[in-house]
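**Student:**
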Amino acid sequence: MVLAKAFDEMTLAGGACRDAYKGLSQWLQWTPTDFLRMKRQEADVLFRRLGITFAVYGEGGDPERLIPFDIIPRVLSAPEWQRMEDGLRQRVKALNMFLNDVYHDQEILKAGIIPEKLVLNNSSYLPEMQGVDVPGNVYSHIAGIDMVRVGEDDFYVLEDNCRTPSGVSYMLENREVMMRLFPALFAEHRIAPVDSYGDALLDTLKECAPPKTTGDPTVVVLTPGIYNSAYFEHSFLADQMGVELVEGPDLFVDDGKVFMRTTQGPQKVDVIYRRIDDTFLDPLTFDPNSVLGVPGIMNAYRSGQVTLANAVGAGIADDKAIYTYVPDMIKFYLGEEPILKNVPTYKCGEADDLAYVLDNLAELVVKEVHGSGGYGMLVGPAASKQEREDYAERLKAAPDEFIAQPTLALSTCPTFVESGVAPRHVDFRPFVLSGKDIRMVKGGLTRVALRDGSLVVNSSQGGGTKDTWVLEE
Amino acid sequence: MISVKHETRYRYETPAAYTIQSLKLTPQNTSGQHVLSWSLDCGQDATIPSFVDSFGNLTHTFVINREHSDVLIRVTGKVETTDVSGIIAGPHDPFPLVAYLRETELTQPNEALEDLAWSVAEGGKPLDLAHALMAAVRDRIDYQEGETQVETTAAQALAQGSGVCQDHAHAFICCARVRGIPARYVSGYLQASDNMDEVYEAGHAWAEAYIEDLGWVGFDVANRICPSESHLRVAVGLDYREAAPIRGLRLGGGAEKLDVTVRVVQENIQQ
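Top to bottom, those sequences are chains A and B.
The first sequence maps to residues 1 to 473 in my numbering.
The second sequence maps to residues 474 to 744 in my numbering.
(1) Using beta-carbon positions only, say whether I561 (chain B) and W679 (chain B) come within less than 7 Å of one another.
(2) In chain order, what residues of the same chain have a beta carbon less than 6 Å from the beta carbon of R650 (chain B), not counting five sequence neighbours either side?
(3) Quick check on DSSP: helix, strand or coil for S303 (chain A)?
(4) For P183 (chain A), does the count of other Cβ atoms within 10 angstroms reach 16, so buried, or fall short, so exposed?
(5) Suppose you measure from the CA of F320 (chain A) to the CA of C208 (chain A); what does that come to, to the nearest Å?
(6) At what residues does the alpha helix (DSSP H) containing G248 (chain A) begin and finish?
(7) State the Cα-Cα distance for the pair V659 (chain B) and E715 (chain B), rounded to the nearest angstrom.
(8) Which runs of the beta strand (DSSP E) at least 3 residues long sit entirely within the stretch 659–720 of chain B? Give them in chain order.
(9) Listing by chain order, which chain B residues have their CB less than 9 Å from the CB of Y252 (chain A)?
(10) Would you list, in chain order, the members of the stretch 689–713 of chain B that have their beta-carbon closer than 9 Å to a beta-carbon of chain A?
(11) If you run the structure through DSSP and keep just helix, strand and coil, what is F568 (chain B)?
(12) The alpha helix (DSSP H) that contains K212 (chain A), what's its start and end?
(13) Which residues in the same chain as L705 (chain B) place their Cβ atom closer than 8 Å to its Cβ, once the five residues preceding and following it in sequence are excluded?
(14) Nearest by alpha-carbon distance to L445 (chain A): which of A:I145, A:A230, A:P327, A:S303 is it?
(15) For D277 (chain A), which option in A:F35, A:S124, A:A200, A:G335 has the closest C-alpha, if you only look at C-alpha atoms?
(16) For L545 (chain B) and F252 (chain A), what's the separation of their Cα atoms in angstroms?
(17) Can you tell which of A:F186, A:F259, A:G225 has its C-alpha closest to the C-alpha of V219 (chain A)?
(18) Within 7 Å (strictly less), CB to CB, does K93 (chain A) reach chain B?
(19) Is the CB-CB distance between S169 (chain A) and F236 (chain A) below 7 Å?
(20) Taking C-alpha atoms, which residue in B:T481, B:R611, B:V623, B:E618 lies nearest to L470 (chain B)?
(21) If you measure beta-carbon to beta-carbon, which residues of the stretch 503–525 of chain B are closer than 7 Å to chain A?
(22) Looking at the structure shown, is R652 (chain B) part of a helix, part of a strand, or coil, going by DSSP?
(23) Excluding the 5 residues flanking L284 (chain A) on each side, which residues of the same chain have their C-beta closer than 8 Å to its C-beta?
(24) Just the Cα atoms here: how many angstroms apart are A6 (chain A) and E584 (chain B)?
(25) Can M171 (chain A) and G443 (chain A) be called in contact, C-beta distance under 7 Å?
(26) Cβ atoms of G167 (chain A) and R429 (chain A): under 7 Å apart, would you say?
(27) At a CB-CB cut-off below 8 Å, which residues of chain B make contact with L445 (chain A)?
(28) I want to see whether chain A comes within less than 7 Å of S660 (chain B), judged by CB atoms only; does it?
(29) Let me know the beta strand (DSSP E) ranges lying completely inside the stretch 486–520 of chain B, each 3 residues or longer, listed in chain order.
(30) Could you tell me the boundaries of the alpha helix (DSSP H) in which I322 (chain A) lies?
(31) Measure how close the beta-carbons of A627 (chain B) and A609 (chain B) come, nearest whole angstrom, since I'm counting them as under 8 Å.
(32) Examine chain A for any beta-carbon lying closer than 7 Å to the beta-carbon of V552 (chain B), and answer yes or no.
(33) Less than 8 Å between the CB atoms is what I'm expecting for V92 (chain A) and V432 (chain A), so what's the real figure, rounded?
(34) Considering only C-alpha positions, which residue in the set B:C515, B:H533, B:I646 is nearest to A695 (chain B)?
(35) According to DSSP, G550 (chain B) sits in a beta bridge with which residue or residues?
(36) Can you pull the DSSP bridge partners for Q405 (chain A)?
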């Protein structure tokens, strides 16, 4: 199957330049390739100096490699952004209401909107959180929503990330580097700033401190440690917020509360932005062998003595089997029509869908329900016959474990590759902060598939990143 | 009336700097038991912080944050129990029944467990099926102390064919869920009596299965009986991890010596 030609965000089918890209397009015409090449090398040096690296699982090689950075920004117009932001605010509000509901009265299950079994027998739903009240009823304080574009007005949500979405440090660093590389370009455009993200994050976390907190809440970032692939981001965000970066052994529980060891003695901690997965958080509640977490922290949390962000158990909202119900959630909780579209999704656990998926593997993308990071997925049109046959066997063995979606013709953006400037497929992850209010900075992480024709943008699969410019009116 | 005196003492070879324990050692009132008095004493003056977990278990978080060489947890209490043929109406349960069909790490079915679950014929009443499962599990897992640990899974216990009450409960829970019967884990105390099988553990564990028209019914798989007035129900969960009487960790301390004494006796209420 040949994919329909993808929508290019700079150049229309007839060759005309879209308004948002007029300045950039001219600049690209006037700028010699050698200059771009030089700037790319400069960017590499800047990233090395910043220390921003990324460990890729299961690939060997240099564990301190850089995620490839493309020096040509992606541009969104003010109205494009506004519509997306409205849709994201609506969606994340509904996701948090869903989480509060399934961990309390379960009205959406009682109403038969979502099958009870799909939630309650899902490994991402944690019974330990049933009935636990969290401040402000906020579960996903930081959500990263993966979006793709297929046309002028066609934006789809590909995936919600409600647990510990990463990538925001790239949004901030990409902007920083771009401003150093191309100050003149910034002078010619009115680009919305993103550098208030750290303050917005800190405000969000403080707003969600336990109600009984006295004085200014103490916030920390909890990391699994230097061997985690996102360790750079953990330390970066702690730095941006001006708070301590801690590991499990730096914290302890006493008198039902959580304390941090400091040179001046123990200090009570009120809010923990934790980048450790749920099941490693507390060996006294979950996996008894985990050494990454803090023994007893779940008891302090469930007693309302400390806030964990994101909340434990938030993963049930971004489970791929639940994804198909998000538009229904928006209608159920908010009584509104969803602004953003979902990608049509086949549930392989249902016999009709499975039959369709097996017959049309060559045209579909198939994903593991509990997978992430682009691992274990099949991109039908790009796979060999043998790969599809092997995948079909896995599908038949455990159909419940898979969903399938049509292969979307992801939009393309001009990208600087070996052959010069050429269109490459992109996706987008904006970040939504939920505290007393919802906050967003105008920007996000654009990921780009650097290989010609590739649709897989994950950094673990050879993807890169770009700066994202939201133009102001 | 059952009278309980349960002491757990840890002695460390070298002093430990920090000990934390999550304790589910406090029984609640049910249709079959009424708590007359109960106390949890860890040798500290301050009150131990507590909360009620999702399953309704009163959970204490006990911490010693200074150098120490031993830890003593003493539970004493008196509970009026009645024989309700194992049928339990407990405190409010927030979970719909389907939640009790979840697989957990310790009760994950494998082929052998599924075969065992389906070795019992279809067609009977759910209560008969549950009793038959209890017998089938007990026939395949001998009572042997010291061959399994707290983290042993139902599959491992079945494979080696031996275990303790915890393993019997896990295997039964797994088989019941495989057959579509909601099931959960109970930790508690057992008072010795004549009609028991060969098994006697004062700190005890059994299972409960949800039987239509009856509600939750207890199955003391190790003893092949439904709990009676000799059973004192303390904590409940999907498996051992959620209902464990004590889960703890310490910093330092070297080797550990553990002494547990449990005295559970029948007392006549004095006139």
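Just so you know, even glycine gets a beta-carbon here, dropped at the ideal spot from N, CA and C.
**Tutor:** In brief:
(1) no
(2) L574, A656
(3) coil
(4) exposed
(5) The sequence shown places Lys at residue 320 (chain A), rather than the Phe named in the question. Their backbone Cα atoms lie some 27 Å apart in a straight line.
(6) Per DSSP, G248 (chain A) belongs to no alpha helix (DSSP H) and is neither H nor E.
(7) 10 Å
(8) 676–684, 688–692, 704–710
(9) In the sequence as presented, Tyr is not what sits at residue 252 (chain A); that position holds Phe. Y491, I493, V536, N538, L724, listed in chain order.
(10) So the close ones are G710, L711.
(11) coil
(12) No alpha helix (DSSP H) holds K212 (chain A); DSSP gives it neither H nor E.
(13) I475, V477, P500, Q506, V552, T554, G661, Y662, L663, Q664, V737
(14) A:I145
(15) A:S124
(16) 21 Å
(17) A:F259
(18) no
(19) A contact, by the Cβ cut-off of 7 Å.
(20) The first residue shown for chain B is 474 and the last is 744, placing residue 470 (chain B) beyond what the model contains.
(21) Correct list: P522, F524.
(22) coil
(23) P295, G296, M298, N299
(24) 48 Å
(25) The answer is yes: Cβ separation under 7 Å.
(26) yes
(27) Ordered by position in chain B, no residue passes the 8 Å Cβ test against L445 (chain A), which lies about 34 Å from the chain.
(28) no
(29) 506–514
(30) Going by DSSP, I322 (chain A) is part of the alpha helix (DSSP H) stretching over 320–323.
(31) About 13 Å; that fails the 8 Å criterion.
(32) no
(33) 4 Å
(34) Taking only the C-alpha atoms, the option nearest A695 (chain B) is B:I646.
(35) DSSP, once it has assigned bridges, lists B:V477, B:W511 as partnering G550 (chain B).
(36) A:V365
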